[in-house]
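If you want our numbering, it's the position in the sequence shown, counting the first as 1, plus 6.
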Amino acid sequence: MADAIQLTVGDDGIAIATMDLPGRPMNVVNETLTRALADIADRVAADAAIKGLVLTSAKADFCAGGDIDNMSKWTKPEEPFEGSMALKAVLRKLETCGKPVVAAINGHALGGGLEMSLACHARIVLDDPRLKLGQPEVKLGLLPGGGGTVRLPRLVGMQQALQICCEGNDIAPKAALAMGLVTELAANREELLAKARAWIAANPKARQPWDQPKFRMPGGDSRSPAVVQMLAIGPSIAAAKSYGNYPAVTHIMSSIFEGGLLDFDAACAVESRYFAACVLSPESKNIIHTLWYQLNAIKKGASRPQGIAKGQVKKLGVLGAGMMGGGIAYVSAKAGIDVVLLDTTQQAAEKGKAYSQGLLDKAVKKGRSTPEKRDALLAKITAGTDFALLEGCDLVIEAVFEDRAVKAEVTKRAEALLAPTAVFASNTSTLPISGLAKASVRPAHFIGLHFFSPVDKMPLVEIIVGKQTSDETLARAFDYVMQIGKTPIVVNDSRGFYTSRVFGTYVSEGLAMLEEGVHPRSIEAAGLQAGMPMPPLALQDEVSLSLSLAVMEQTKKDLAAEGITFPERPGSKVVRQLCEIGRVGKKAGKGFYDWPAEKGGEKRLWPELTTMFPVAAAQPAQRELIDRLMFVQANEAARCLQEGVLRSSADGNIGSIFGWGFAPFHGGALQFVNAIGAKAFVARARELAAKFGPRFEPAAIVVEMAAEGGRFD
Ligand code: NAD
Numbered sequence: 007m008a009d010a011i012q013l014t015v016g017d018d019g020i021a022i023a024t025m026d027l028p029g030r031p032m033n034v035v036n037e038t039l040t041r042a043l044a045d046i047a048d049r050v051a052a053d054a055a056i057k058g059l060v061l062t063s064a065k066a067d068f069c070a071g072g073d074i075d076n077m078s079k080w081t082k083p084e085e086p087f088e089g090s091m092a093l094k095a096v097l098r099k100l101e102t103c104g105k106p107v108v109a110a111i112n113g114h115a116l117g118g119g120l121e122m123s124l125a126c127h128a129r130i131v132l133d134d135p136r137l138k139l140g141q142p143e144v145k146l147g148l149l150p151g152g153g154g155t156v157r158l159p160r161l162v163g164m165q166q167a168l169q170i171c172c173e174g175n176d177i178a179p180k181a182a183l184a185m186g187l188v189t190e191l192a193a194n195r196e197e198l199l200a201k202a203r204a205w206i207a208a209n210p211k212a213r214q215p216w217d218q219p220k221f222r223m224p225g226g227d228s229r230s231p232a233v234v235q236m237l238a239i240g241p242s243i244a245a246a247k248s249y250g251n252y253p254a255v256t257h258i259m260s261s262i263f264e265g266g267l268l269d270f271d272a273a274c275a276v277e278s279r280y281f282a283a284c285v286l287s288p289e290s291k292n293i294i295h296t297l298w299y300q301l302n303a304i305k306k307g308a309s310r311p312q313g314i315a316k317g318q319v320k321k322l323g324v325l326g327a328g329m330m331g332g333g334i335a336y337v338s339a340k341a342g343i344d345v346v347l348l349d350t351t352q353q354a355a356e357k358g359k360a361y362s363q364g365l366l367d368k369a370v371k372k373g374r375s376t377p378e379k380r381d382a383l384l385a386k387i388t389a390g391t392d393f394a395l396l397e398g399c400d401l402v403i404e405a406v407f408e409d410r411a412v413k414a415e416v417t418k419r420a421e422a423l424l425a426p427t428a429v430f431a432s433n434t435s436t437l438p439i440s441g442l443a444k445a446s447v448r449p450a451h452f453i454g455l456h457f458f459s460p461v462d463k464m465p466l467v468e469i470i471v472g473k474q475t476s477d478e479t480l481a482r483a484f485d486y487v488m489q490i491g492k493t494p495i496v497v498n499d500s501r502g503f504y505t506s507r508v509f510g511t512y513v514s515e516g517l518a519m520l521e522e523g524v525h526p527r528s529i530e531a532a533g534l535q536a537g538m539p540m541p542p543l544a545l546q547d548e549v550s551l552s553l554s555l556a557v558m559e560q561t562k563k564d565l566a567a568e569g570i571t572f573p574e575r576p577g578s579k580v581v582r583q584l585c586e587i588g589r590v591g592k593k594a595g596k597g598f599y600d601w602p603a604e605k606g607g608e609k610r611l612w613p614e615l616t617t618m619f620p621v622a623a624a625q626p627a628q629r630e631l632i633d634r635l636m637f638v639q640a641n642e643a644a645r646c647l648q649e650g651v652l653r654s655s656a657d658g659n660i661g662s663i664f665g666w667g668f669a670p671f672h673g674g675a676l677q678f679v680n681a682i683g684a685k686a687f688v689a690r691a692r693e694l695a696a697k698f699g700p701r702f703e704p705a706a707i708v709v710e711m712a713a714e715g716g717r718f719d
């Protein structure tokens, strides 16, 4: 097998260690790499002919981070503790080898990759704005266990270290230089190595700052008054955002704080203990299950039909240049696709295009784009009214009014101009796809592409397969979603599809609570404590009560036509009552909340809400409210899987987190059941059903799992 790190020693006595982990697309910190690094550190220390070491990579990245597969195998706390201590021993060996060591960072250095570079005496980084540095562990419920919480505060100060580790955001090279995280920038690869060599020549006796006798932590250690003040408020700021649902954040803060009272080695041991606590936490296991394994599987095409050649959209037609159409045009043009954006008037079409202009102008202003790039992207969008412009489109997406007749008409007009192989997609949010496909003369090429608003920000597209949609059409739709950099989930056709159906139960449950006399403040607090990004009443205001009412009425009519009685949703009376007095939500400035007219103003719960819905004398425990809000969603998601609306649990979990922000620390709506255990879920769901109604009666699929000891994969 090839070496994980190749070592060459030049005539100048400078050794170049090039990481290139065999059989992997990226370098990750695993046992192979760590062992190779330890050997190199030994050799550099022992070989008098070697004057210094440059650590770099042969891959596109420098080092992408820890080996998640390996971490996922750990079940006992000793394993992560010892793993983390072993890595740190190697990194310590490197920085105390007695010769200058420079990291020549040619690509992303994330997590364990950045920690490795922190154990070098200098970091020289390629000045590429796409290059990412950072400690993103917190996003997987972990903390940097390779010395990140020990070296960072000693290098850039406690406040910056807390920010880097608790937020986990990417840091661009220029910003890293400004905060003192890196030593120098280099314009290209040659300069990178040249500067690394020059640094070694200039610093033959390099030692880490924390190994100098009179070392002081920049900005002060945990005892200094300024730091004490910051550390006193830090946990409350974090708790206000995370409601204590993310133990990794608390562990990171503790590790940095305690490490700031201790010497280097003791701080390292403390960090490893917190690392072990994070690795074994259910939160981290849930997040890794879904946002690592299931997301990667989806991106690799787990829900795409196999054996169909990869498609690429070159020309896209968008019908309806409103809020959604304008957004779809933008994200597609950004991916290099030529877009025809049509509406009923030239003015409306231009308005849709202006949406892109607005976003791009902002990006130019903030230095994230250039006028040339903006103009090139805008040139890709042709706004018009003439359907003949659709000729040659590989895909057409309609985003016209949510009205069957209007949708049927544009479907017919567009199809008349399309090549037989072209795909026609609807962005409907509520109308079943198989019904809309009745207007199509080629229903095998008809599919649902449900985008979320605002399109440029929301990462998910829900692909809806109609009764007659072909595998080929599904594969092409899937490829398009990947082409524009979004994450696709694939679901079968049904009322509300998957995302709207399950998300709706969350909002309805909040409304039901209000109707029962639960204090509105307790309802909203429960939503946030549950880990949802927005509480139910505020969310209903955002969506607009009148829109929900219209959808309810339409569904009622549709079902009546099929001879089915519409099962009234819990809380629907509340929506009617508010609509009757014109409190239709945010767009009207009033709903459950009074919304401020001025930008940046704060919304306030409408004081009369408790007059309209009197607060009951006995209030339930918050725990019960939280359980209701989460169980109702998880149970509905399980029903979707049981009914075949969902095709996989990965789609269910990712769809819930990316689609409506289902509390990520639970790993998604179905992983929620796994984490609790099917048996416990069934028991609690039955308690809730006895108290609040059959919507909590556990889905048969979970009851079965409880009996047989299974789980969602
Ligand atoms: P919108 O009212 O902002 O835009 C609709 C546009 O379609 C208007 O500009 C209108 O002039 C145009 N239009 C109407 N008839 C047309 C025709 N015959 N030919 C060409 N253009 C025509 O609506 P929107 O919010 O962008 O929603 C569009 C679709 O997307 C709807 O089906 C909606 O259900 C769905 N959707 C909306 C959201 C959302 O959050 N707004 C989310 C997902 C899906």
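No residue lacks a Cβ here, since even glycine has one placed at the ideal position from N, Cα and C. Predicted model, so just to flag it, every value in this text is computed and none were measured.
Point to revise | Local conformation of Ile20 per DSSP, three classes | key: Strand.
Check your understanding: With 16 as the cutoff for other CB atoms within 10 Å, does Val267 come out buried or exposed?
Key -> The identity of residue 267 in the sequence shown is Leu, whereas the question assumes Val. Classification of Leu267: exposed, given that the 10 Å Cβ count is below 16.
**Study point:** Proximity to Leu132 [Cα-Cα], best of Pro28, Gly537, Glu356 and Ala110
**Key:** Ala110
Review point. Would you report the Cα separation of Asp564 and Glu277, rounded to the nearest angstrom?
Key: 59 Å
Point to revise | Val416 Cβ short of 7 Å to the ligand NAD heavy atom set | key: yes
Review point. For Ala385, which three-state DSSP category applies?
Key: coil
Check your understanding: Can you find a heavy atom of the ligand NAD that lies under 7 Å from the Cβ of Thr14?
Key -> For Thr14, the shortest C-beta to heavy atom distance toward the ligand NAD is 7 Å or greater.
**Study point:** Inter-residue CB distance, Ala420 and Phe430 (contact presumed, cutoff 8 Å)
**Key:** 6 Å
Review point. Is the stretch 333-347 touching the stretch 394-403, taking contact as three or more C-beta pairs under 8 Å?
Key: Short answer: they touch.
Check your understanding: Where does Gly313 land, buried or exposed, given buried means 16+ other C-beta within 10 angstroms?
Key -> exposed
Check your understanding: Based on the DSSP secondary-structure assignment, which residues constitute the bridge partners of Cys69?
Key -> Ala115
Check your understanding: By Cβ distance, which residues of its chain are closer than 7 Å to Leu545, with the 5 residues on each side in sequence left out?
Key -> Val513
Check your understanding: So, is Gly130 buried or exposed, given that buried needs 16 or more other C-beta atoms within 10 angstroms?
Key -> A quick correction: the sequence has Ile, not Gly, at residue 130. With 16 or more Cβ atoms within 10 Å of its Cβ, Ile130 is classed as buried.
Practice item. Have a look at Arg690 and Pro626 and give me their C-alpha separation to the nearest angstrom. Key: 16 Å
Exercise for review: Could you check the C-alpha separation between Cys585 and Glu548 for me, to the nearest Å?
Suggested key: 14 Å
**Study point:** C-alpha distance - Asp392 paired with Val447, whole-angstrom precision
**Key:** The alpha-carbon atoms of Asp392 and Val447 are separated by roughly 21 Å.
**Study point:** the ligand NAD heavy atom lying under 7 Å from the CB of Leu325
**Key:** Taking non-hydrogen atoms of the ligand NAD into account, the C-beta of Leu325 is found less than 7 Å away from one of them.
Review point. Which full runs of the beta strand (DSSP E) of 3+ residues lie inside the stretch 247-325, going along the chain?
Key: Segments of the beta strand (DSSP E) lying fully in the stretch 247-325: 321-325.
Practice item. Measure the alpha-carbon distance for Glu710 versus Glu703 and round it to whole angstroms. Key: 13 Å
Review point. If we cut at 8 Å on Cβ distances, does Leu158 have a partner in chain D?
Key: Chain labels in this structure do not include chain D; a single protein chain is all it has.
Exercise for review: Mind listing, in chain order, the continuous alpha helix (DSSP H) runs of no fewer than 4 residues lying wholly within the stretch 424-457?
Suggested key: Complete alpha helix (DSSP H) runs here, min 4: 439-442.
Exercise for review: Say whether the stretch 284-297 touches the stretch 60-67, bearing in mind that this needs 3 or more beta-carbon pairs closer than 8 Å, one atom from each stretch.
Suggested key: The stretch 284-297 is not in contact with the stretch 60-67.
Review point. Which residues does DSSP pair with Tyr599 in a beta bridge?
Key: Leu611
**Study point:** Simplified DSSP state of Pro494, which is helix, strand or coil
**Key:** Secondary structure at Pro494: strand, using DSSP grouped into helix, strand and coil.
Review point. Between the beta-carbon of Gly317 and the beta-carbon of Pro460, is there less than 8 Å?
Key: Contact: no.
Point to revise | Top-ranked residue by Cα proximity to Leu437, from Ile470, Ala422 and Ala428 | key: Ile470
**Study point:** Euclidean distance between Cα positions of Gln218 and Pro159
**Key:** 16 Å
Check your understanding: Taking C-beta to C-beta, are Leu100 and Val35 nearer than 8 Å?
Key -> no
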